[in-house]
Amino acid sequence: ETGVTQTPRHLVMGMTNKKSLKCEQHLGHNAMYWYKQSAKKPLELMFVYSLEERVENNSVPSRFSPECPNSSHLFLHLHTLQPEDSALYLCASSQVRGGSSPLHFGNGTRLTVT
Amino acid sequence: QQQVKQSPQSLIVQKGGISIINCAYENTAFDYFPWYQQFPGKGPALLIAIRPDVSEKKEGRFTISFNKSAKQFSLHIMDSQPGDSATYFCAASYTGGFKTIFGAGTRLFVKA
Numbered sequence: 814e815t816g817v818t819q820t821p822r823h824l825v826m827g828m829t830n831k832k833s834l835k836c837e838q839h840l841g842h843n844a845m846y847w848y849k850q851s852a853k854k855p856l857e858l859m860f861v862y863s864l865e866e867r868v869e870n871n872s873v874p875s876r877f878s879p880e881c882p883n884s885s886h887l888f889l890h891l892h893t894l895q896p897e898d899s900a901l902y903l904c905a906s907s908q909v910r911g912g913s914s915p916l917h918f919g920n921g922t923r924l925t926v927t
Numbered sequence: 005q006q007q008v009k010q011s012p013q014s015l016i017v018q019k020g021g022i023s024i025i026n027c028a029y030e031n032t033a034f035d036y037f038p039w040y041q042q043f044p045g046k047g048p049a050l051l052i053a054i055r056p057d058v059s060e061k062k063e064g065r066f067t068i069s070f071n072k073s074a075k076q077f078s079l080h081i082m083d084s085q086p087g088d089s090a091t092y093f094c095a096a097s098y099t100g101g102f103k104t105i106f107g108a109g110t111r112l113f114v115k116a
């Protein structure tokens, strides 16, 4: 396995369900990100973890709960979601050194909330 | 101040033509300007990036032109091919920050 892997690829859940999205990176990077991609909107940064510590939390509703147990794995726990939360959820990683570095994205989880 | 404005929203180009996508930013602290390419069902992938100490960067058929005084940068795709049909995002970030700000995206369709 190489790059950034996300599972599941598709997820349909009801508003009362609890589910988790999983991300794994095989690039040896030290930062991991969750982004939300909705139609006709710019990618929205949700959470950032650097060296397993959360460094950014972009005013995301508490029904989204991230977890980063180590530098290779990132989870997004979902509960009591709303239909407007339906979107493509992208995980990314990067190697943060002295300057900015590119993001490496997974192929996303397409989430539908019914 | 944190926005990156991208235009056009969509673009149709004949095969062999030049595709041009423009972006503008406000925050002068930005020091890294990547472009990402996204195909349906895939995540965005880095295409080419530039830092503000150069005015142009070329990689194959893809060129970034950067105008620091105007706070604008653009992607040129020369000899556009049907395989270039995708959504393109410009972005900006700065050293010491974890936030990459993305433009809204441009859907490019190259007609064969």
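If you're matching them up, the sequences are chains H and C in order. Take the first sequence: its position 22, counted from the start at 1, is 835 in my numbering, and no numbers get skipped. Take the second sequence: its position 1, counted from the start at 1, is 5 in my numbering, and no numbers get skipped. Beta carbons: idealized from backbone N, C-alpha and C, even for Gly.
Requested in this report: Please report how far the alpha carbon of serine 885/H lies from the alpha carbon of leucine 916/H, in whole angstroms.
Outcome: In the first sequence, residue 885/H corresponds to position 72, counting from 1. In the first sequence, residue 916/H corresponds to position 103, counting from 1. Distance between the alpha carbons of serine 885/H and leucine 916/H is about 15 angstroms.
Query raised in the report: With a Cβ-Cβ cutoff of 8 angstroms, do isoleucine 16/C and lysine 103/C count as a contact?
Result: Within the second sequence, the letter at position 12 stands for residue 16/C. Within the second sequence, the letter at position 99 stands for residue 103/C. No, the pair does not count as a contact, with Cβ atoms beyond the cut-off.
Query - Whole-angstrom distance between alanine 49/C and threonine 67/C, CA atom to CA atom - result: Here residue 67/C corresponds to residue number 63 of the second sequence, with the count starting at 1. Here residue 49/C corresponds to residue number 45 of the second sequence, with the count starting at 1. So the alpha carbons of these two residues sit roughly 16 angstroms apart.
Query raised in the report: What three-state label does DSSP hand proline 821/H in the structure shown?
Result: Here residue 821/H refers to the residue found at position 8 of the first sequence. Proline 821/H falls in the coil class under three-state DSSP.
Query raised in the report: Going by the CB atoms, is the gap between tyrosine 29/C and valine 8/C shorter than 8 angstroms?
Result: Translated into positions along the second sequence, residue 8/C becomes position 4. Translated into positions along the second sequence, residue 29/C becomes position 25. Taking 8 angstroms as the Cβ cut-off, valine 8/C and tyrosine 29/C qualify as a contacting pair.
**Report entry** Check: lysine 46/C C-beta below 7 angstroms from any heavy atom of the ligand PLP
**Finding:** The ligand PLP is absent from the structure shown, which contains no ligands of any kind.
Report task. Using a Cβ-Cβ cut-off of 8 angstroms, state whether leucine 840/H counts as contacting chain C. Result -> Along the first sequence, one-based indexing puts residue 840/H at 27. Not closer than 8 angstroms to any Cβ of chain C, the Cβ of leucine 840/H fails to qualify, so no.
Query raised in the report: Shorter than 8 angstroms from the beta carbon of threonine 67/C to some beta carbon of chain H?
Result: Taking the second sequence and counting its residues from 1, one reaches residue 67/C at position 63. Threonine 67/C does not count as touching chain H.
**Report entry** Residue-chain proximity (proline 821/H, chain C), Cβ-Cβ < 8 angstroms
**Finding:** Taking the first sequence and counting its residues from 1, one reaches residue 821/H at position 8. It does not; no Cβ of chain C falls within 8 angstroms.
Query - Cβ separation of glycine 109/C and alanine 95/C, assumed to be a contact under 8 angstroms, to the nearest whole Å - result: The residue labelled residue 109/C in the question sits at position 105 within the second sequence. The residue labelled residue 95/C in the question sits at position 91 within the second sequence. Actually they do not touch by this definition, with Cβ atoms about 10 angstroms apart.
Report task. Enumerate in chain order the residues of its own chain whose CB-to-CB distance from histidine 823/H is below 6 angstroms, with the five nearest sequence positions on each side excluded. Result -> Numbered from 1 along the first sequence, position 10 holds the residue referred to as residue 823/H. Correct list, in chain order: Arg923.
Query raised in the report: Are any of the Cβ atoms in chain C nearer than 8 angstroms to that of phenylalanine 918/H?
Result: Your numbering for residue 918/H matches position 105 in the first sequence. Answer yes: the Cβ-Cβ gap between phenylalanine 918/H and chain C drops below 8 angstroms somewhere.
Query - Secondary structure of glutamate 866/H, DSSP reduced to three states - result: Looking up residue 866/H in the first sequence gives position 53. Note: glutamate 866/H maps to strand in three-state DSSP.
**Report entry** Rounded separation between cysteine 27/C and cysteine 904/H - CA only
**Finding:** Stepping through the second sequence from its first residue, residue 27/C is reached at position 23. Stepping through the first sequence from its first residue, residue 904/H is reached at position 91. Distance between the alpha carbons of cysteine 27/C and cysteine 904/H is about 24 angstroms.
Report task. Indicate the three-state DSSP secondary structure (helix, strand or coil) for glutamate 897/H in the structure shown. Result -> Looking up residue 897/H in the first sequence gives position 84. Helix at glutamate 897/H.
Query raised in the report: Closer than 8 angstroms, CB to CB, is phenylalanine 102/C near chain H or not?
Result: If you number the second sequence from 1, residue 102/C lands on position 98. With 8 angstroms as the cut-off, phenylalanine 102/C counts as an interface residue toward chain H.
Report task. Return the residue from the list Glu897/H, Gln908/H, Ser907/H that minimises the CA-CA distance to glycine 827/H. Result -> Here residue 827/H is taken as the residue at index 14 of the first sequence, counted from 1. Per the Cα distances, Glu897/H.
Requested in this report: Would you kindly report the start and end of the unbroken beta strand (DSSP E) that includes histidine 886/H?
Outcome: What you label residue 886/H is simply residue 73 of the first sequence in a count that begins at 1. 886-892 is the span of the beta strand (DSSP E), which, as asked, contains histidine 886/H.
Requested in this report: Determine the direct distance from the alpha carbon of glutamine 10/C to that of aspartate 57/C, and round the result to whole angstroms.
Outcome: Working through the second sequence from its first residue, we reach residue 57/C at position 53. Working through the second sequence from its first residue, we reach residue 10/C at position 6. One C-alpha to the other measures close to 22 angstroms.
**Report entry** Minimum Cβ-Cβ distance from leucine 79/C to chain H less than 8 angstroms
**Finding:** Along the second sequence, read from residue 1 onward, the residue named residue 79/C stands at position 75. No, no contact with chain H.
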